[in-house]
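Q: Read in order, the letters of the sequence shown are residues 339 to 575 in this note's numbering. Even glycine gets a Cβ: it sits at the ideal position worked out from N, Cα and C. From a predicted model like this one, the values you see are computed outputs, not experimental measurements.
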Amino acid sequence: MVTLDCTTSHHDEVTLVTLRLRDLDAPTRVTVRNCLDGPVWPPRREGLPVTGWTEAGFEGVVGPGDHALGYATPASPADPPAVLDDVTPAPDADGTPSESATDVVRDLGDPSPPADAVPAGAATTDAESRDTDADPSESAPATPRSRADGRTPAVVEPWLEAMTARVEVAESLADADTLPAATAAVREAGGLAEVRALAASGAADERRLREVARRAETLANRRAAATVPVETLARIA
339 MVTLDCTTSH HDEVTLVTLR LRDLDAPTRV TVRNCLDGPV WPPRREGLPV TGWTEAGFEG
399 VVGPGDHALG YATPASPADP PAVLDDVTPA PDADGTPSES ATDVVRDLGD PSPPADAVPA
459 GAATTDAESR DTDADPSESA PATPRSRADG RTPAVVEPWL EAMTARVEVA ESLADADTLP
519 AATAAVREAG GLAEVRALAA SGAADERRLR EVARRAETLA NRRAAATVPV ETLARIA
């Protein structure tokens, strides 16, 4: 007989519900209903709820064995947090294991510095690149000398630091493989809203970083090929 075990933990006004389906001996369609006084915040992939999840709970086919499910909700804990509404054999279905509870919590959150800070920084970086492309004869000598020490220009450093912080927060959230670690990571990231914002901006962040890297590599190659004939210029100037 299929059974459902439930546990909850409450942190920062968010209740995390961990569910364990047990004793499935064949592919089975199950319906798990949330009993707490609030909507289900389901695990997500690419910004969309994982298949089977709704604001009311989970319905889907799972394979033989035991399976972990999990979700979050703004509601306060209660007993029971969820119930098994329906169990129907699905012998013709290919049961696939559900997400683990820790994967669910990890997917619920992923944040860092506001995304609005990045476009402005990227624009500054582009401007810096244009400065590098400028005709040396029209530039003040202090500018090239300031870059000759190999340090990152001051105008670029804040953007790189902001992007580094975003990446580190995302890595911390991705590495949270226990419920307490995931809860702490979400809290340190600034809450679920910030986590969702960071998750949604992942592709855009990668695109910006790769574009800046491509421009920097192109400029570096051009600069390496542009040998300034100082002695010749000194003779004819």
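1) Name the one or two DSSP bridge partners that E343 has.
2) Please name the residue or residues paired with G401 in a DSSP beta bridge.
3) Looking at the strands, I want to know which residues DSSP matches up with R307.
4) Going by DSSP in three states, P496 sits in which element: helix, strand or coil?
5) Between the Cα of L354 and the Cα atoms of Y409, V568 and D417, which residue gives the shortest distance?
6) With a 10 Å radius around its C-beta and 16 neighbouring C-beta atoms as the bar for buried, classify A563 as buried or exposed.
7) Between D350 and the rest of its own chain, which residues show a CB-CB distance below 6 angstroms, the 5 nearest in sequence each way excluded?
8) Tell me whether T516 sits in a helix, a strand or coil according to DSSP, three-state version.
9) What does the alpha-carbon distance come out to for the pair T411 and D543?
10) Within 10 angstroms of the Cβ of R504, are there 16 or more other Cβ atoms? Answer buried if so, exposed if not.
11) Can you find the residues in the same chain that come closer than 7 angstroms, C-beta to C-beta, to G403, ignoring five residues on each side of it along the sequence?
12) Hey, how far is the Cα of P518 from the Cα of A394?
13) In three-state DSSP terms, what is V524?
14) List the whole-angstrom C-beta distance separating R367 from V399, where the pair is believed to meet the contact cut-off of C-beta under 8 angstroms.
15) Quick check on L530: does DSSP put it in helix, strand or coil?
16) Between V388 and P381, how many whole angstroms is the CB-CB distance? I'm expecting something under 8 angstroms.
17) Nearest-angstrom Cα distance between T356 and A527?
18) Measure the CB-CB distance between L536 and L498 and report whether it falls below 9 angstroms.
19) With 16 other CB atoms within 10 Å as the buried threshold, where does P530 fall?
20) With a cut-off of 8 angstroms on the beta carbons, I'd call D430 and T369 a contact; round off their distance for me.
21) Considering only the alpha carbon of each residue, which of L374, M339, P365 and A364 lies closest to T345?
22) Taking the straight line between their C-alpha atoms, what separation do you get for A538 and R545?
23) Look at the alpha carbon of V550 and the alpha carbon of D417, and state the distance between them as a whole number of angstroms.
24) So which of G401, A364, R371 and A523 has the shortest CA-CA distance to T392?
A: From the atom records:
1) The amino acid occupying residue 343 in the given sequence is Asp; Glu does not appear at that position. DSSP output for D343 lists R358 as bridge partner(s).
2) Answer is none; G401 lacks a bridge partner.
3) An answer regarding residue 307 cannot be provided, because it is not within the stretch 339 to 575 covered by the chain.
4) helix
5) Y409
6) exposed
7) R525
8) coil
9) 28 angstroms
10) buried
11) L362
12) 25 angstroms
13) helix
14) 5 angstroms
15) helix
16) 5 angstroms
17) 22 angstroms
18) no
19) Residue identity differs from the one stated: residue 530 is Leu in this sequence, not Pro. Burial call: buried.
20) That belief does not hold up - the Cβ atoms of D430 and T369 are roughly 18 angstroms apart, past 8 angstroms.
21) L374
22) 13 angstroms
23) 52 angstroms
24) R371
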